[in-house]
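Following: one structure in structure tokens, then a few remarks.
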Amino acid sequence: VKIIGESASRRLQLSRGDIDIADALPVDQLNALKQENKVNVAEYPSLRVTYLYLNNSKAPLNQADLRRAISWSTDYQGMVNGILSGNGKQMRGPIPEGMWGYDATAMQYNHDETKAKAEWDKVTSKPT
1 VKIIGESASR
11 RLQLSRGDID
21 IADALPVDQL
31 NALKQENKVN
41 VAEYPSLRVT
51 YLYLNNSKAP
61 LNQADLRRAI
71 SWSTDYQGMV
81 NGILSGNGKQ
91 MRGPIPEGMW
101 GYDATAMQYN
111 HDETKAKAEW
121 DKVTSKPT
């Protein structure tokens, strides 16, 4: 097993035939590899997740109304499209689809400015 830390190097070595497989290429490297059309690019569902952690023990994020306002105002699909070039989807809860414990009925935020505004209006100590 050859470990190649730099993603661009992994892509180039795969393209040249120096290696036979490369996993976890960033979206830009994956797209470049597809455009070269020299190797077969197999896409498959993944359990890989990305979280954004916020410190909700300190002001102003210790206010649930503010956190809900942020959640409703976030353009999740825009992030998937812009950051991952559409290669992903918003999670529904903390457990990814395909893993034991996943709940397809769990509440899921989506981009809704009306709900975001309603939650923002409830925030008692608005950040400046």
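Residue numbers (the UniProt record's numbering): 1 to 128.
Where a beta carbon is used, it is the ideal one built from N, C-alpha and C, also for glycine.
What are the boundary residues of the alpha helix (DSSP H) that residue 114 is part of? Residue numbering aside, residue 114 sits at position 114 when the sequence shown is read from its first letter. From DSSP, the alpha helix (DSSP H) with residue 114 extends over 113 to 122.
Which term fits residue 72, buried or exposed, when burial requires 16 or more other beta carbons within 10 angstroms of its beta carbon? Mapped onto the sequence shown, residue 72 falls at position 72. The residue in question, residue 72, is buried, as its Cβ has 16 or more Cβ neighbours within 10 Å.
Take residue 68 as the anchor and find which of 90, 114 and 30 has the nearest alpha-carbon. In the sequence shown, counting from the first residue as 1, residue 68 sits at position 68. For the residues 90, 114 and 30, the minimum Cα distance to residue 68 belongs to 114.
Quick one: using the 10 Å Cβ neighbour count with 16 as the cut-off for buried, is residue 16 buried or exposed? Numbered from 1 along the sequence shown, position 16 holds the residue referred to as residue 16. Flag for residue 16 reads exposed.
Per-residue DSSP class, three states only, for residue 80: Here the question's residue 80 lines up with position 80 in the sequence shown. Three-state DSSP puts residue 80 in a helix.
Among the residues of its own chain, which have a CB less than 7 Å from the CB of residue 29, if the five just before and after it don't count? The sequence position of residue 29 within the sequence shown is 29, counting from 1. Excluding residues within five positions, the ones whose Cβ falls inside 7 Å are 7, 8 and 11.
Helix, strand or coil for residue 55, going by three-state DSSP, please let me know. In the sequence shown, the residue the question calls residue 55 occupies position 55. Shown here, residue 55 sits in coil according to DSSP, grouped into three states, outside any helix or strand.
So what's residue 68 in DSSP terms, helix, strand or just coil? Position 68 of the sequence shown, counted from the first residue, corresponds to residue 68. The three-state reading of DSSP puts residue 68 in helix, counting H, G and I together.
So, is residue 54 buried or exposed, given that buried needs 16 or more other C-beta atoms within 10 angstroms? Reading the sequence shown from its first residue, position 54 is the one you call residue 54. With fewer than 16 neighbouring CB atoms inside 10 Å of its own CB, residue 54 falls in the exposed class.
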